[in-house]
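According to the numbering used here, the sequence shown is numbered sequentially starting from 2. Positions of the beta carbon are idealized from the N, C-alpha and C atoms, including for glycine. Here the structure is laid out as structure tokens; the discussion comes afterwards.
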Amino acid sequence: MDNRKLVISLDYGTSASAAAYRFVNHRGRDIPRDTRTIETWPGHGESNQRGSGKVPSKFAYGAENNVDRDSWGFEVTEDMTSCSWTKLALEASANGRVPDERGLGNGVIHVPLGKQAHSVVSDYLRRLHEHIWSLEPLRSIGNLEVEYILTFPASFSKDAQQAIVAAAEHAGFRRGTRKLLTESEAAAGYVFEQGLLGEMKAGEKVMVVDLGGGTSDVSTYIALGVQNGLQLQEWTRPQSRNVGGTNIDRNFSSLLTARFDPEFAALPPHETGPSSRLMREFEDHKRVVTDGDGNAQQIRIALPMDPVDPNPLYFDEDYSEIIISMDDWRTVFNPVLEEIIAFIQDRYNAASGVQYIVLVGGLVNLPWIREAFRSIFNAEHISVSLIFSPEPELAVARGAIWHAVHNTPFMVSCALHYGVGNLEGDRINWLLHKGERYAAGHTAQVQFCYIYKTLDLKRVPIAVYGCNRPSSPISAGAPGVSQLGMFLLDLSTLNFANIWHREDGHGRTEYDIKFKLEIECNVGKGVLCIRALKPDGCLIGEEMELAAEFTCC
């Protein structure tokens with residue numbers, strides 16, 4: 002049986018994107034055996050932008066720039082009308098919102114007339130897809146199974162995830178199979194690939210923090226075993242906040258808008274937007290400025306502008322340069338840092354007893370960010386090892402490959418059969434079976450349809466059962482069956498206006514509530530996590546944890 006395949010990961014980011022690939026079970030002479038990131042990009046040789054491992058998420062239409070061809074990535078120059086940060090527009094559009102452009106100036110999240118965000122994203126991803134397949138040895142592999150791994154922030158709704166998939170498919174990422182992976186899970190894979198947790202012991206926990214352009218993602222894992230390679234179980238589900246590197250750029254733009262009103266706001270996007278010389282120089286300064294720099298230090302950036310009676314503390318008329326003080330720098334950086342750190346501290350406290358924090362993502366390259374984390378998490382009262390990963394901007398793309406190729410699940414068996422009752426009668430839906438082998442983190446589901454009538458109680462009890470007999474009986478009254486707990490389906494969290502309904506013969510409104518009851522084997526905690534999910538996968542009410550006995554196998 003030929004089990005050779007090619008795995009390609011795509012990390013489509015707010016400000017920059019990355020891709021990686023790996024050949025699996027392929028022994029061709031010119032085929033690399035390890036994970037490779039794409040490092041050559043069109044236009045990069047003529048660009049002074051840093052970080053060839055990622056390509057800017059920018060697209061410029063020829064029709065808007067009076068030229069014959071479209072440009073993307075490093076090809077986009079500061080004088081072009083271009084589309085940037087379109088991932089934010091795609092996510093907002095998928096959720097029926099308009100993108101938040103506060104602090105961005107005019108036309109930064111630009112979608113040309115007659116187009117929508119998803120078509121701009123597709124056009125960009127099409128060029129990315131074409132470039133990937135133009136490289137050797139990919140273009141010469143012939144007929145080989147292909148698996149695409151598409152990553153997304155944990156905060157993305159199901160609709161936003163599907164929008165990413167649809168844009169990628171339309172762009173050409175449809176050969177073979179496609180899998181979705183949260184950016185935090187992918188980043189965790191990179192941590193394992195790099196061997197950053199060589200000292201980790203069984204029972205210890207690690208928090209992986211991915212600080213990207215548009216979001217910050219956090220996930221926590223517990224080590225189940227270390228003897229035959231690191232075996233980890235998810236401890237807390239991936240969480241995400243819409244705060245990242247672009248928020249720093251927003252604050253910088255807001256500072257200049259307030260300081261040079263109305264002249265700065267009147268400048269065209271190509272002079273103030275993400276592709277502008279202004280923002281490129283700001284990016285260069287971000288990579289070297291530290292909080293240890295003296296308060297007397299000034300940062301000067303050229304910006305042709307003619308403000309009326311400018312304050313010489315802020316603008317040098319002779320050289321047409323804006324002047325940024327260290328206090329200004331703190332005004333730009335610190336609110337973003339405070340929001341990110343508050344989020345991470347909340348997740349740190351929720352996970353309880355984390356021994357390692359590993360930071361990945363492009364924002365980790367900035368000295369100001371590193372220093373802030375060191376000052377907080379290296380404090381004497383916090384017993385945690387802080388690890389900054391190498392090449393943090395490539396963590397998601399490379400980690401997604403690791404996740405697809407090396408993530409061998411930790412196998413366990415259950416001491417009992419586990420199931421849930423029906424909404425009526427005593428029939429049991431058995432979801433986990435005694436003696437069967439399951440991967441740590443395995444989930445099983447059963448579908449329900451519940452008829453809710455106005456004035457009924459909105460907390461519906463559903464019994465959880467266990468059975469230690471060799472086979473699982475049908476009825477709750479059978480010998481060996483015991484009720485282990487009661488899950489409460491909390492309907493008060495639902496928006497009934499969006500649920501199909503009708504009137505019964507007595508004038509009461511009936512609602513058809515479709516949901517799935519899911520059981521997850523959380524081996525690290527030694528519990529079953531029981532949750533109710535809407536058809537779109539979103540949680541209804543609260544999860545329930547029930548003590549369970551697992552045996553490693």
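Based on the DSSP secondary-structure assignment, which residues constitute the bridge partners of F449? According to DSSP, F449 bridges with F516.
Closest residue to N252 among D505, P536, S16 and T332 (Cα-Cα distance): Closest option to N252, Cα to Cα, is T332.
Collapsed DSSP secondary structure at A548 in the structure displayed: A548: strand per DSSP, three-state reduction.
Whole-number beta carbon distance between S83 and K59, since they are thought to touch under 8 angstroms: Separation of the CB atoms of K59 and S83 is rounded to 5 angstroms, and the pair is thereby assigned contact status at 8 angstroms.
Nearest-angstrom Cα separation, counted from A398 out to Y222: Those two C-alpha atoms are separated by around 20 angstroms.
Could you tell me if V309 is buried or exposed, where buried requires 16 or more neighbouring beta carbons within 10 angstroms of its beta carbon? V309 comes out exposed.
Residue from A549, G190, Y453 and A396 whose Cα sits closest to the Cα of E504: The shortest C-alpha separation from E504 is found at Y453.
Let me confirm a value: W501 is counted as buried when at least 16 other C-beta atoms fall within 10 Å, else exposed. Which label applies? When all chains shown are included, W501 counts as exposed.
Looking only at DSSP bridge pairs, what is L395 linked to? Answer by DSSP bridge pairing: none, since L395 is not bridged.
On a CA-only basis, which of F193, Y125 and Q117 is nearest P57? Give me that one, please. For the residues F193, Y125 and Q117, the minimum Cα distance to P57 belongs to Y125.
Assign L458 to buried or exposed, taking buried as 16 or more other Cβ atoms, counted over all protein chains shown, within 10 Å of its Cβ. The residue in question, L458, is exposed, as its Cβ has fewer than 16 Cβ neighbours within 10 Å.
Using C-beta distances below 6 angstroms, list every residue in its chain close to H418, excluding the 5 sequence neighbours before and after it, in chain order. Hits under 6 angstroms: W431, H434, K435, C468 and S473.
Complete beta strand (DSSP E) runs within the segment 459-543 (minimum length 3 residues, chain order): 460-468, 482-491, 502-504, 510-523 and 528-534, all fully within the segment 459-543.
Indicate, with yes or no, if the ligand ADP has a heavy atom lying under 6 angstroms from the CB of Q240. You won't find the ligand ADP in this model; it holds no ligand whatsoever.
Could you give the DSSP three-state label for L212: helix, strand or coil? Strand at L212.
Length of the line joining the Cα atoms of T178 and Q446: C-alpha separation (whole angstroms): 24 angstroms.
Inter-residue Cα distance where the pair is E120 and A168: It should be pointed out that residue 120 corresponds to Ser in this sequence rather than to Glu. Cα to Cα, the separation comes out at about 7 angstroms.
Consult DSSP for A17 and reduce its assignment to one of helix, strand or coil. Judged by DSSP in its simplified three-state form, A17 adopts strand.
When the Cα atoms are used, what is the spatial distance from I345 to S185? Taking the straight line joining both Cα atoms gives about 13 angstroms.
Since I believe S217 is in contact with R242 (beta carbons under 8 angstroms), could you give me their beta-carbon distance rounded to a whole number of angstroms? Their Cβ separation, rounded to whole angstroms, is 5 angstroms, which keeps R242 and S217 in contact under 8 angstroms.
Applying the criterion that 16 or more other CB atoms from any shown protein chain within 10 Å of the CB defines a buried residue, is L89 buried or exposed? L89 is classed as buried because its beta carbon has at least 16 other beta carbons within 10 Å across all chains shown.
Are the beta-carbon atoms belonging to E235 and G478 less than 7 angstroms from one another? Pairing E235 with G478 gives a Cβ-Cβ distance that is not under 7 angstroms.
Tell me the DSSP secondary structure of Y315 in three-state form. In the three-state reduction of the DSSP assignment, Y315 falls in the coil class, being assigned neither a helical nor a strand state.
Can you find the residues in the same chain that come closer than 8 angstroms, C-beta to C-beta, to D307, ignoring five residues on each side of it along the sequence? Only E264 meet the Cβ criterion.
Counted within 10 angstroms of its Cβ, other Cβ atoms place G354 as buried (16 or more) or exposed: With fewer than 16 other Cβ atoms from the protein chains shown falling within 10 Å of its own Cβ, G354 counts as exposed.
CA nearest to the CA of T78, picked from Y22, G486 and G44: Answer by Cα proximity: G44.
For F153, does the three-state DSSP call read helix, strand or coil? Collapsing the DSSP output to three states places F153 in a strand.
Beta-carbon within less than 8 angstroms of Y315's beta-carbon, same chain only, minus the 5 sequence neighbours each way: which residues are those? Only R260, F261, I323 and I324 meet the Cβ criterion.
Measuring straight from C-alpha to C-alpha, what distance separates K526 and K116? Spanning the two alpha carbons is a distance of roughly 49 angstroms.
Return no unless some Cβ of chain B is closer than 7 angstroms to the Cβ of I377. You won't find chain B in this structure, because it holds only one protein chain.
Bridge partners of R428, per DSSP? Secondary-structure assignment with DSSP links R428 through a beta bridge to S476.
Extent of the continuous beta strand (DSSP E) to which I302 belongs: That run of the beta strand (DSSP E) goes Q299 to A303.
Checking the sheet assignment: what are the DSSP bridge partners for S241? Bridge partners of S241: D218.
Do you know offhand how far H130's Cα is from L11's? Using only the alpha carbons, I get a separation of about 9 angstroms.
Specify, as a first and last residue, the run of the alpha helix (DSSP H) that H418 falls within. That residue, H418, is in no alpha helix (DSSP H); its beta strand (DSSP E) goes H418 to G422.
Can you tell me whether G106 is buried or exposed? The criterion is at least 16 other CB atoms within 10 Å of its CB, across all chains shown. Only weak support exists for where G106 lies, its pLDDT of 46 falling under 50; the coordinates are left without a value.
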